[in-house]
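Report on the following structure.
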Ligand code: GLP
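Residue numbers (our numbering): 776 to 1008.
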């Protein structure tokens, strides 16, 4: 793995945005997997600033989000659909038909997961995946114990993950399930960039750097991949 550490989250965000924008410039029809959470906010802000000035920035880009809550309507303020619109999609020239986010309200969630995998395949696979890092080592919503060969599926969220995301559900109805790309799906991406900043992430970063490759720490699967960059601050 390629490790790059930065003196602040701002510098990390500059660098992450640079990677994303360079990829789009070199390959305008690229296929990206995108994360939510606090970690990528600075990256999206910078990408939006650049793309507002640029002609045809996201025009031919295809995106797949890593995950979405189950049972939460798209329009809900806490959904990842709302997050992505607010922080990226409403501000760039992406073609709506190229945006993919799992439908957590689908009548048949398992069928939705299979459909999502099929869409990724039909798009030619993921070229570049950005990931955040959960304190417990989760990537996407692959919680500890997730098999490394898992594909997109419905998962139960751990109490610690629900607590970490509770502020986005002020009515107290924090979702207990989600759809997430599986670790195998993520590992098929041709390149992966993991963003981890803040004091709360130091322990997880350390474990990723020097711990064993083990399903009890999902991010450790990244050590099996030939092209992973970890940006930490
Ligand atoms: C959430 C998301 C993950 C994200 C993680 C870390 O639960 N499903 O994809 O990476 O938590 O979030 P944050 O960046 O806010 O610490």
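A virtual CB, placed ideally from N, CA and C, is assigned to each residue, including glycine.
Going by Cα to Cα distance, which pick from 789, 815, 1008 and 777 is closest to residue 906?
Taking the first residue of the chain shown as position 1, residue 906 is located at position 131. Nearest option by C-alpha distance: 815.
Work out the CA separation of residue 897 and residue 877 for me, nearest whole Å.
Position 102 of the chain shown, counted from the first residue, corresponds to residue 877. Position 122 of the chain shown, counted from the first residue, corresponds to residue 897. Straight-line Cα distance between these residues: approximately 15 angstroms.
Tell me residue 779's beta-bridge partners as DSSP assigns them.
Locating residue 779 in the chain shown gives position 4, counting from the first residue. BP columns for residue 779 point to 1006.
Going by other Cβ atoms of all chains shown within 10 Å of its Cβ, with 16 needed for buried, is residue 983 buried or exposed?
As a working mapping, residue 983 is identified with position 208 in the chain shown. With 16 or more Cβ atoms within 10 Å of its Cβ, residue 983 is classed as buried.
State the beta-bridge partners of residue 838 as determined by DSSP.
For the purposes of this step, residue 838 is identified with residue 63 of the chain shown, where counting begins at 1. Answer by DSSP bridge pairing, in chain order: 807 and 874.
How many angstroms separate the CA atom of residue 880 from the CA atom of residue 871?
Taking the first residue of the chain shown as position 1, residue 880 is located at position 105. Taking the first residue of the chain shown as position 1, residue 871 is located at position 96. If I take the Cα positions, the gap works out to 19 angstroms.
At 4 residues or longer, what runs of the alpha helix (DSSP H) sit wholly inside the stretch 947-973?
Here the runs fully enclosed are 958-962.
Which value, in whole angstroms, describes the spacing of the CA atoms of residue 1010 and residue 862?
Coverage of the chain is limited to positions 776 through 1008, which leaves residue 1010 absent and any answer about it impossible.
Whole angstroms is fine: what's the gap from residue 847's alpha carbon to residue 921's?
Mapped onto the chain shown, residue 847 falls at position 72. Mapped onto the chain shown, residue 921 falls at position 146. Roughly 23 angstroms between the two C-alpha positions.
Start and end of the beta strand (DSSP E) containing residue 998?
Within the chain shown, residue 998 is the residue found at index 223, counting from 1. Counting along the chain, residue 998 falls outside any beta strand (DSSP E), and DSSP gives it neither H nor E.
Residue 891: buried (16+ other C-beta within 10 angstroms of its C-beta) or exposed?
Start at 1 with the first residue of the chain shown, and residue 891 comes out as number 116. When all chains shown are included, residue 891 counts as buried.
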